[in-house]
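Working notes for the structure below.
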Amino acid sequence: MNLPLADLRVIDASTVLAGPACARYLADFGADVIKVERPGSGDGTRDMFRRDPDDDVTYFWKLLGRGKRAIVLDLKTDQGRADMLDLCAGADVLVENFRPGTLERLGLGPDVLHERNPDLVITRVTGFGQDGPYAGRAGFATLAEAMSGFASLSGEPDGAPLLPPIALTDEVTGLTAAFATMVAVHSGVGQVVDVNLLESLLQIMGPLVSASAVEGWEQPRLGSGVPYTVPRGTWQCADGGWVAVSTSAESVARRVLE
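Here it is in structure tokens:
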């Protein structure tokens with residue numbers, strides 16, 4: 043049985059996490075994803091974190107490279123750029139996460155790509171978006187976690203702001219980009235999809251952003267707790283193990299406490 047995106051061809055020219063995660067989700071649903079890597083070292087996740095002792099391949103690369111075919115192109119050369127243009131001419135989607143303006147300087151901006159392939163969906167993943175005061179800056183997940191306020195509200199009440207111990211922002215951005223890409227593909231209109239780390243993280247922070255903007259209210263650091271679910275947290279048991287408890291409604295809380 044064919045997967046739902048079996049007729050979709052995606053060029054993944056992004057690196058490391060958020061962009062490749064977007065393309066990975068599309069591959070998981072059957073898209074033919076061609077991963078474009080730079081000469082020499084290839085994608086950074088090929089050498090990131092621990093390696094599987096069975097084949098010496100990093101777990102990050104196994105995750106982010108799965109379901110993809112790979113090709114090496116040097117986009118600093120005329121031939122590499124020509125090959126990239128040819129790839130995009132036969133594709134439905136391009137995913138890239140260069141700093142804004144880089145694709146244009148390479149002669150591969152949306153105007154050039156759409157001249158060859160008017161139906162192409164170009165998904166651009168950056169730290170802060172394609173325009174605005176921070177557009178030209180390099181962006182990483184840690185910056186988004188700090189600037190969004192996510193780190194500030196994470197941690198113990200008497201402790202320092204806390205960064206997540208996993209690639210949370212990159213994965214959330216990958217999901218957001220994959221969803222936005224499929225909406226664009228469904229429209230049938232070639233276009234640019236602008237997704238960034240900061241806004242992707244803000245959109246999962248629920249009403250906290252609205253409360254801050256409207257009232258100036260800021261949620262304090264509460265450890266594992268949240269103001270609207272009490273009790274919520276982890277407690278150590280007599281046998282040394284731990285139990286996690288969350289009561290999302292008053293009726294649930296009453297049953298737990300009884």
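Mapping the sequence shown onto the numbering used here, position 181 (from 1) lands on 223, and the numbers just tick up by one.
For every residue, glycine included, the Cβ atom is placed at its ideal position computed from N, Cα and C.
Within 8 angstroms: the Cβ of Arg80 and any heavy atom of the ligand HEM?
For the ligand HEM, the structure offers nothing, since it holds no ligand at all.
Taking 6 angstroms as the limit between beta carbons, can you name the residues of its chain near Leu250, skipping five residues before and five after?
Sequence index remark: in the sequence shown, residue 250 carries index 208 (1-based). For Leu250, where only same-chain residues beyond five positions count, the Cβ hits under 6 angstroms are Gln261.
Have a look at Ala253 and Leu264 and give me their C-alpha separation to the nearest angstrom.
Taking the first residue of the sequence shown as 1, we reach residue 253 at position 211. Taking the first residue of the sequence shown as 1, we reach residue 264 at position 222. About 17 angstroms.
Distance between Gly143 and Tyr176 (C-alpha atoms, nearest Å):
Translated into positions along the sequence shown, residue 176 becomes position 134. Translated into positions along the sequence shown, residue 143 becomes position 101. Whole-angstrom Cα-Cα distance: 13 angstroms.
Reduced DSSP category for Lys104 - H, G, I as helix; E, B as strand; rest coil
By one-based count along the sequence shown, residue 104 stands at place 62. In the structure shown, Lys104 sits in a helix (DSSP, three-state: H, G or I).
Apart from the five residues on each side of it in sequence, which residues of its chain come closer than 7 angstroms, Cβ to Cβ, to Pro152?
Mapped onto the sequence shown, residue 152 falls at position 110. Result list for Pro152: Ile164 and Val234, in chain order.
Whole angstroms are fine: how far does the CA of Ser190 sit from the CA of Arg80?
The residue given as residue 80 occupies position 38 in the sequence shown. The residue given as residue 190 occupies position 148 in the sequence shown. Cα-Cα distance, rounded: 32 angstroms.
Buried versus exposed call for Phe192 [16 or more other C-beta atoms within 10 Å across all chains shown]
By 1-based counting over the sequence shown, the position of residue 192 is 150. Burial call: buried.
Is it the case that the stretch 122-130 contacts the stretch 94-108, given that we only count it when at least three CB pairs across the two stretches are under 8 angstroms?
no
Contiguous beta strand (DSSP E) assignments of at least 3 residues, all confined to the stretch 74-100
74-79
Which of helix, strand or coil does DSSP assign to Arg263?
As a first step, residue 263 is located in the sequence shown; it is residue number 221 there, counting from the start. DSSP places Arg263 in coil when its eight states are reduced to three.
Give the list of continuous beta strand (DSSP E) stretches no shorter than 3 residues that lie fully inside the stretch 216-243.
233-238
If we count Cβ pairs, one from each stretch, closer than 8 angstroms, do we get three or more for the stretch 155-171 versus the stretch 229-247?
yes
Whole angstroms is fine: what's the gap from Gly282's alpha carbon to Pro199's?
Stepping through the sequence shown from its first residue, residue 282 is reached at position 240. Stepping through the sequence shown from its first residue, residue 199 is reached at position 157. About 24 angstroms.
For Leu47 and Ala73, what's the separation of their Cα atoms in angstroms?
Stepping through the sequence shown from its first residue, residue 47 is reached at position 5. Stepping through the sequence shown from its first residue, residue 73 is reached at position 31. Whole-angstrom Cα-Cα distance: 5 angstroms.
Taking C-beta to C-beta, are Thr271 and Ser293 nearer than 9 angstroms?
Taking the first residue of the sequence shown as position 1, residue 271 is located at position 229. Taking the first residue of the sequence shown as position 1, residue 293 is located at position 251. Contact flag unset, no.
Nearest to Gly147 by alpha carbon, out of Val256, Glu157 and Thr119?
As a first step, residue 147 is located in the sequence shown; it is residue number 105 there, counting from the start. In the sequence as presented, Gly is not what sits at residue 147; that position holds Arg. Comparing Cα-Cα distances from Arg147 to each of Val256, Glu157 and Thr119, the minimum goes to Thr119.
Hey, could you find the ends of the beta strand (DSSP E) Val114 is sitting in?
Numbered from its first residue, the sequence shown carries residue 114 at position 72. That run of the beta strand (DSSP E) goes Lys110 to Val114.
Which two residues bound the contiguous alpha helix (DSSP H) that contains Ser288?
Taking the first residue of the sequence shown as position 1, residue 288 is located at position 246. Segment Trp284 to Ser288 is the beta strand (DSSP E) holding Ser288; no alpha helix (DSSP H) there.
With a Cβ-Cβ cutoff of 9 angstroms, do Val227 and Val135 count as a contact?
By 1-based counting over the sequence shown, the position of residue 227 is 185. By 1-based counting over the sequence shown, the position of residue 135 is 93. It is a contact, given that the beta carbons lie within the stated cut-off.
Using DSSP's beta-bridge definition, name the partner residues of Asp54.
As a position in the sequence shown, residue 54 is number 12, starting the count at 1. In DSSP, Asp54 forms a bridge with Lys77 and Val137.
Among Ala60, Val52, Ile208 and Val214, which residue has its Cα nearest to the Cα of Gly86?
Within the sequence shown, the letter at position 44 stands for residue 86. Ranking the options by Cα distance to Gly86, first place goes to Ala60.
Residues sharing a beta bridge with Val163, DSSP
Your numbering for residue 163 matches position 121 in the sequence shown. DSSP, once it has assigned bridges, lists Val135 and Gln233 as partnering Val163.
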